[in-house]
Amino acid sequence: MTRPETPAEVFDALGKDYEAAFPNQPGQHAVLDWLVSRLAGRAKVLDLGSGTGRPVAETVAAAGHDVTGCDVSANMVEIARAQVPAARFELADLRTVSYPAGSWDVVMTFFSLMQMTRAEVDAVLDRIPAWLAPGGYVVLGTVPADVSEVDFVFLGHPIRSSSYPAEVFVKRFEAAGLEIVYWEQVDYVSAHSDVRPEVQLYLVARKPE
Ligand SMILES: C[S@@+](CC[C@H](N)C(=O)[O-])C[C@H]1O[C@@H](n2cnc3c(N)ncnc32)[C@H](O)[C@@H]1O
């Protein structure tokens with residue numbers, strides 16, 4: 012059996028090919044439009060697993076917000092810095108980053124919690140609410156599924172993946188005292204022949220004022 016590749020190995024190899032394989036994700040654009048229409052002033056926004064910076068960091072920075080991305084792939088960080096000079100990107104593993112309480116107006120994670128164990132997903136989701144300022148938002152985009160450390164091939168790379176059904180993410184945010192303010196599940200079909208049709212979940216939860 013081939014060893015599963017780490018996120019850094021997979022995304023260092025994929026680079027811009029990831030963006031080409033997952034173009035025009037309507038659910039992602041919809042939640043980003045919803046978010047920027049609600050942010051006032053110059054919000055401080057953290058994008059965990061920022062990839063190529065497009066479209067997430069680019070959209071939020073273009074709306075006038077102060078965006079910091081972090082990604083464990085040096086190649087993705089380099090591409091994002093070149094593509095989105097209006098945001099800042101750091102090389103970091105989102106499983107170990109730490110921020111002061113109340114330091115972000117928004118924390119986003121789009122499809123970056125999937126190449127880890129459920130215990131690691133739990134630990135990241137447990138830490139995010141404390142980082143939010145009062146009234147702040149956590150934005151999650153993922154593929155909901157009842158799977159724990161399953162092996163499959165992603166764009167030619169062997170990976171090990173975990174996720175949860177949508178209601179588990181909802182209950183986890185609610186248990187942390189956040190209110191669900193946006194919930195959408197979208198069928199996504201990429202034109203890329205290596206990408207299977209998938210259901211995408213977009214959730215936004217808000218910390219009380
Ligand atoms: C599927 S891509 C999504 C990129 C971007 N969020 C988007 O939606 O366009 C997942 C990204 O998360 C990053 N990632 C995965 N695990 C990570 C980790 N433990 N720490 C930081 N970044 C991670 C990958 O390197 C990759 O760039």
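As numbered in this note's numbering, the sequence shown has no gaps in its residue numbers, which increase by one up to the final residue, 220.
We put the beta carbon where it would ideally sit given N, CA and C, even for glycine.
1. Is the beta carbon of TYR213 closer than 8 Å to that of VAL67?
2. Check whether the region 83-102 touches the region 137-149, counting contact only when three or more Cβ pairs, one atom from each stretch, lie closer than 8 Å.
3. Cα-Cα, which of VAL56, ALA91, VAL47, ASP162 is closest to VAL78?
4. Please name the residue, chosen from ALA93, ARG49, VAL200, ILE139, that lies closest to VAL192 on a Cα-to-Cα basis.
5. Determine the contact status of VAL197 and GLY38, defining contact as a CB-CB distance below 8 Å.
6. Quick one: residues in its chain with C-beta nearer than 6 Å to the C-beta of VAL215, no 5 flanking neighbours on either side, listed in chain order?
7. Comparing the CB of ASP104 with every heavy atom of ligand 1, is any distance shorter than 7 Å?
8. By the 10 Å Cβ neighbour count, where 16 or more other Cβ atoms means buried, how is ARG183 classified, buried or exposed?
9. Where does ASP104 sit, in a helix, a strand or coil, going by DSSP?
10. With 16 other CB atoms within 10 Å as the buried threshold, where does THR63 fall?
11. So is the beta-carbon of VAL83 under 7 Å away from any non-hydrogen atom of ligand 1?
12. Output the residue ranges of the alpha helix (DSSP H) runs that lie fully inside the region 130-200 and measure 4 residues or longer, sorted by chain position.
13. Might you give, ordered along the chain, the residues of its own chain that have their beta carbon closer than 6 Å to the beta carbon of ALA10, omitting 5 neighbours on each side?
14. Measuring from the CB of VAL67, is there a heavy atom of ligand 2 at a distance below 7 Å?
15. So the alpha helix (DSSP H) ASP44 belongs to, where does it begin and stop?
16. So LEU105 packs on GLY60, CB below 8 Å; how close in whole Å?
17. Would you mind working out which of GLY113, PHE165, ASP44 sits nearest PRO18, comparing C-alpha positions?
18. Inspect the beta-carbon positions of ALA103 and CYS81 and report whether they are closer than 8 Å.
19. Compute the minimum distance between the beta carbon of PHE163 and the heavy atoms of ligand 1, and state whether it is under 7 Å.
20. If I'm right that ASP162 touches PRO15 with Cβ under 8 Å, what's the distance once you round it to whole angstroms?
Quick look at the numbers:
1. Between VAL67 and TYR213, the gap from beta carbon to beta carbon reaches 8 Å or more.
2. The region 83-102, when compared against the region 137-149, does not touch it at the 8 Å Cβ threshold.
3. The shortest C-alpha separation from VAL78 is found at VAL56.
4. The residue with the shortest Cα to Cα distance from VAL192 is ARG49.
5. Result yes, Cβ atoms of VAL197 and GLY38 sit closer than 8 Å.
6. If we look at VAL215 and ignore the five residues flanking it on each side, its Cβ neighbours are TYR148, VAL150, VAL192, TYR193.
7. Yes.
8. It is buried - the Cβ of ARG183 has at least 16 other Cβ atoms within 10 Å.
9. Coil.
10. When all chains shown are included, THR63 counts as buried.
11. Taking 7 Å as the cut-off, the C-beta of VAL83 counts as close to a heavy atom of ligand 1.
12. For the region 130-200, whole alpha helix (DSSP H) runs of length 4 or above, ordered along the chain, are 177-186.
13. This structure does not reach residue 10, given that the chain is present from 12 up to 220, and the question cannot be answered.
14. Ligands displayed in this structure: ligand 1; ligand 2 is not among them.
15. Under the DSSP assignment, ASP44 falls in the alpha helix (DSSP H) whose first and last residues are 37-49.
16. The beta-carbon distance between LEU105 and GLY60, rounded to whole angstroms, is 6 Å. This is short enough to meet the 8 Å contact definition.
17. Nearest option by C-alpha distance: PHE165.
18. Yes, the Cβ-Cβ distance between ALA103 and CYS81 is below 8 Å.
19. Not so, every heavy atom of ligand 1 lies at least 7 Å from the Cβ.
20. With 8 Å as the limit, ASP162 and PRO15 qualify as a contact, their Cβ atoms being about 6 Å apart.
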